[in-house]
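Contents: one structure, followed by commentary.
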Amino acid sequence: MRYKVDHDYHIHSQISLCSNDPEQTTERILRYAEENGLKRICLTDHFWDDNAPGMPDLFRDREYDPNAPREKIPDRGLSTARWYRIQNYAHISRALPLPKSDKVNFMFGAETELQYDLKLGVTREMIDRLDFVIIPTTHLHMGGLTMTAEQMASAEGRAGAWITRLEGVLDKDLPFGKIGIAHLACSLVAPSPEDRIKVMQLLNTEDLERVFAKAARVGVGIELNMFDMLNAIEGETEILLRPFRIAKAQGCKFYLGSDAHKPCEFSRTREIFERAVELLDLSESDKFHISK
Ligand SMILES: [Zn+2]
Ligand SMILES: [Zn+2]
């Protein structure tokens, strides 16, 4: 049976500092799900767990009060680390309780972070508390936090980081039934669209096969992100799809994630998801299901 577009496990609300759109409420997100016939959705605002070990001291911001009222939080000109320190549990849990619907299961998760030294921005205790945790291995734009200067200096360095960061997550002891790997072909892998394509082309097929075989073995979810495909120009689609084709051949399971930050982005999600399902020829047996 063809893969049904019946869920979206990567959605940001206004709570995420990069959304900060007053229209992007949990009620609006639920309405998007109802209007598109989605049965399961998950809220995944950006998140850094206060108890996560190892944020480099350099990045700690002692002046900032993470419990300050929302309206006092600046949303522009923040350093990456400060930006993350703000988005702790006290911050993201402001979205709770989530609105309810008899048609939609609305889950509460988060998109955390992976440091350059492969330390996670979330503790095991917090993963247990959340319904679903997205780990972005391709936020390759945050020098010092997610990447070393050396890794960032060349397309080869970025391609190497793409592999080692993904593999580093899969080598951890995590409850992979509730872990998703975000946007593997996203524009954040490189500073320009041309460089992004170059990095994706530099990914070695043998490395991809080994890493995705591991992903299939541990049972992690591989995300099909709306924006990964949206920006592809003619002739680039296959380059961006290659890792996903290899992942499928290795037996990986996939989930859909719009990564929407504002309501206007909901208008094309279904069409783009359907296209991804079509291009990858996915069936229901290729679907990732969140488990405890
Ligand atoms: Zn992300
Ligand atoms: Zn996101």
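Under the working numbering, the first residue of the sequence shown is numbered -19, with each subsequent residue one higher.
Where is the CB? At the ideal position from N, CA and C, for every residue including glycine.
Fair warning: this is a prediction, and the values are worked out from it, not measured in the lab.
Ligand 2 heavy atom lying under 7 Å from the CB of residue i
i, result
"residue 264", "no"
"residue 91", "yes"
"residue 24", "yes"
"residue -10", "yes"
"residue 239", "yes"
Span separating the alpha-carbon of residue i from that of residue j
i, j, result
"residue 190", "residue 172", "28 Å"
"residue 21", "residue -14", "9 Å"
"residue 156", "residue 183", "24 Å"
"residue 120", "residue 92", "14 Å"
"residue 52", "residue 180", "In this predicted model, residue 52 has a pLDDT of only 41, less than 50, meaning its place in the structure is not dependable; the value taken from the coordinates is given anyway. About 40 Å."
"residue 281", "residue 160", "Lying before the first or after the last residue shown, residue 281 is absent from the chain, which here runs from -19 to 272."
"residue 60", "residue 72", "17 Å"
"residue 30", "residue 215", "43 Å"
"residue 95", "residue 127", "7 Å"
"residue 27", "residue 218", "32 Å"
"residue 169", "residue 138", "7 Å"
"residue 12", "residue 0", "18 Å"
"residue 54", "residue -8", "Annotation note: pLDDT 42 at residue 54 (below 50); position unreliable, coordinate value reported separately. When rounded, the distance between both Cα atoms is 18 Å."
"residue 163", "residue 257", "15 Å"
"residue 141", "residue 175", "14 Å"
"residue -3", "residue 89", "16 Å"
"residue 77", "residue 201", "26 Å"
"residue 233", "residue 66", "33 Å"
"residue 197", "residue 222", "20 Å"
Per-residue DSSP class, three states only, for residue i
i, result
"residue 257", "helix"
"residue 165", "coil"
"residue 73", "helix"
"residue 149", "helix"
"residue 108", "helix"
"residue 48", "Note on residue 48: pLDDT 47, under 50, position unreliable in the model; the coordinate value appears next. It is coil, neither helix nor strand."
"residue 274", "Residue numbering for the chain in the displayed model covers -19 to 272; residue 274 lies beyond these limits and cannot be assessed."
"residue 83", "coil"
"residue 137", "helix"
"residue -11", "strand"
"residue 263", "strand"
"residue 157", "helix"
"residue -5", "coil"
"residue 170", "coil"
"residue 32", "coil"
"residue 125", "coil"
"residue 270", "coil"
"residue 91", "strand"
"residue 100", "strand"
"residue 53", "Bear in mind that the predicted position of residue 53 carries a pLDDT of just 42, short of 50, making it unreliable; the figure below should be weighed with that in mind. The answer is coil: DSSP assigns residue 53 none of H, G, I, E or B."
Sequence-distant residues of its chain with Cβ nearer than 7 Å to residue i (five each side left out)
i, result
"residue 33", "99"
"residue 228", "260, 266"
"residue 166", "118, 205, 207, 208"
"residue -5", "25, 71, 72, 74, 75"
"residue 14", "81, 83, 84"
"residue 245", "238"
Sequence-distant residues of the same chain with beta carbon closer than 6 Å to residue i, five excluded per side
i, result
"residue 178", "135"
"residue 147", "191"
"residue 132", "123"
"residue 237", "-11, -10, 203, 205"
"residue 270", "112, 158"
Distance cut-off 7 Å: residue i Cβ against heavy atoms of ligand 1
i, result
"residue 162", "yes"
"residue 119", "yes"
"residue 171", "no"
"residue 116", "yes"
Own chain partners of residue i with C-beta closer than 8 Å, once the 5 adjacent residues on each side are dropped
i, result
"residue 272", "155, 157, 158"
"residue 250", "-15, 16"
"residue 3", "-6, 242, 243"
"residue 7", "79"
Any non-hydrogen atom of ligand 3 closer than 7 Å to residue i Cβ
i, result
"residue 101", "In terms of ligand content, the structure shown lacks ligand 3 and carries ligand 1 and ligand 2 instead."
Worksheet item: Taking the runs of the alpha helix (DSSP H) that are 4 residues or longer, which of them lie wholly in the segment 180 to 250?
Response: Whole alpha helix (DSSP H) segments, 4+ residues: 185 to 198, 206 to 210, 217 to 229.
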